[in-house]
Structures are given as C-alpha cells and as structure tokens.
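Okay, so the sequence shown: first residue is 1 according to UniProt numbering, each after it adds one.
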Amino acid sequence: MRRSSVKLVLASTLPLALAGCGPSQDKDTFTAQANFSSVQECVDAKVPVNVCSDAYMQALSDHRRIAPTYDDKASCDADFVPDYCQVTSDGKYMPKLGGFELGFSGRVPKEALDRANQEVAQSAPAGMSGTTGLMAGLLIGNLLSNGFGNNRYYSQPIYQTRDDRGGYYSSSLPSQIDRGKTFGRSTQAQSSPDRSYGKSTLGRNLGSSGSGSSSVSSTISRGGFGSQASARSGWGGKSSGGSSSFGG
C-alpha cells in the first residue's frame, strides 16, 4: 500500500489538492479540483480545451436548474454580492453564473505520474514554481492527453459570494451551504418544509432533470455534482472555441 500527496494550485481563484492514495504498489488515485471564471482561463492553465468546454457546458446546464431564484433583486443580491443578480424570463431574479469548478479523479500508474511531473518541470517557463496554476494545469493536461481512460471528471457552477471579512470570492452552492448559507429568501427555500435550500434540494432538482437523484445526492455529499464523464484518449488534440461568457 502506497500513500502520497502533493498540493498545487490550478487557478488563482482556488487552491487545488492533488492527492495520491495507492490501492496497489503501482497505481495512485489522482484527484484535483479548481475554479475557473471562463473556458479561456481553464485553457490558459493548460487543461485540454474540450475538457474545459465540456465542463463549462455542464455547469451552465446545472446552473439553469439549481441556481436559487428570488421574487426581488434585493433578496437575491443579499445572498450573493451587490448588483450580481439578473432578472429571468418569468420575472424572478437569480445569480449570474460566475464560472465552473472542475474536478478530476482517476487511477494513474505511479511511473506515469512521476514521468508527467518530470516533463512538466522540464517544460515550465524559467523561474516558475511547482505551486503555480500553470504547473498544475500542465500536469493534468499531460495525464489526460496521454489517454488514461479510467479517469473521470465532473463540473458544477460557481457563484460570487462574500467571505467573513467582507471580500468576494467564488464557490459552488454545496460549498456555500457547508459554510452555513440557507438561501432562506429563495423561492426554493420558501417552498421547503425547513425553509432552507440545502443539498437535498439540489439533488432533487438535478435528479428531476434526468441525472438520477440517488447518484446526484451521493456526489453532492462528496462536495461536487453534475454529469461525470469518462476521460477519452487524445484529449487536448482537438481544438474548439476557447472563450465563453457566463450568464443565465
């Protein structure tokens, strides 16, 4: 049994943990999470462009299903940040999509992980440290584009919110719920027996759209949700548009 871990940063907006926990002597479980404000920011971190595009599209789809909605703009802004909410086609208010969280997990041979680390270190610009977003993105991109087919990734929408000191940052709804938010003024909370919009409500909303409520709920309990897609050999070899704007 081999256990190892390394901490890196994939994007400036969120620390990334890359962890290895080897069930056998020759393979590690490689996991990563990071926030991106756009597809271009994801691509700039050297994550394969179609992974970034797929992650954005899934987050946008989920955003339209699970974002809290409000009867008035002031209530919506109070749960997020000032002037952040926009009116919907049915006259409600909802937060803008602030980007997406990309999560990745898969078993990777130890030699491949070591080799990827070496190749990334050799190809990185001079003076770049091992904790930069580009370094982490290069590492993930190296592994994905070398076709480790058992790897999986997920994405979920993120939204701007306030921290305890009054500053702004972006995080997913499950993360905000973990920090104590109930979105009590939202229409979802108003129609809920406990007057809050929690992870069980998120799971039901996603499940009713075809994701399967049991699998969605179990994914939410691990801190993420959305469609999980099997990795494909050759990621990064196909190019598509590199920028997207977020909105409802």
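Backbone N, C-alpha and C fix where the C-beta goes; we use that ideal spot for every residue, glycine too.
Just so we're clear, the structure is a prediction, and the values are computed from it rather than from any experiment.
Which of helix, strand or coil DSSP assigns to residue i
{"i": "Pro157", "result": "strand"}
{"i": "Leu60", "result": "helix"}
{"i": "Ser65", "result": "For clarity, residue 65 is Arg in the given sequence; the question names Ser instead. In this structure, Arg65 counts as helix in the three-state DSSP scheme."}
{"i": "Gly99", "result": "strand"}
{"i": "Thr31", "result": "strand"}
{"i": "Arg179", "result": "coil"}
{"i": "Val108", "result": "strand"}
Rounded separation between residue i and residue j - CA only
{"i": "Lys199", "j": "Ser171", "result": "15 angstroms"}
{"i": "Gly28", "j": "Arg107", "result": "Gly is not the amino acid found at residue 28; the sequence shown has Asp there. Cα to Cα, the separation comes out at about 5 angstroms."}
{"i": "Arg195", "j": "Ile177", "result": "14 angstroms"}
{"i": "Glu111", "j": "Phe104", "result": "19 angstroms"}
{"i": "Gln190", "j": "Pro109", "result": "49 angstroms"}
{"i": "Gln188", "j": "Ala74", "result": "16 angstroms"}
{"i": "Ser37", "j": "Asp90", "result": "27 angstroms"}
CB contact flag (residue i, residue j, <8 angstroms)
{"i": "Ile158", "j": "Gly99", "result": "yes"}
{"i": "Ser53", "j": "Val39", "result": "yes"}
{"i": "His63", "j": "Leu102", "result": "no"}
{"i": "Arg162", "j": "Val43", "result": "no"}
{"i": "Ser186", "j": "Thr69", "result": "yes"}
{"i": "Tyr93", "j": "Asp72", "result": "yes"}
{"i": "Ala67", "j": "Pro95", "result": "yes"}
CB-CB length for residue i against residue j, believed under 8 angstroms
{"i": "Gln160", "j": "Tyr84", "result": "6 angstroms"}
{"i": "Val51", "j": "Tyr169", "result": "Incorrect: roughly 24 angstroms between the Cβ atoms, too far for contact."}
Alpha helix (DSSP H) segment containing residue i, residue limits
{"i": "Ser170", "result": "It is not in any alpha helix (DSSP H) - Ser170 instead sits in the beta strand (DSSP E) that spans 168–172."}
{"i": "Val87", "result": "Segment 85–87 is the beta strand (DSSP E) holding Val87; no alpha helix (DSSP H) there."}
{"i": "Asp163", "result": "Here Asp163 belongs to no alpha helix (DSSP H), and DSSP marks it neither H nor E."}
{"i": "Val43", "result": "39–44"}
{"i": "Asp79", "result": "73–79"}
{"i": "Thr187", "result": "187–190"}
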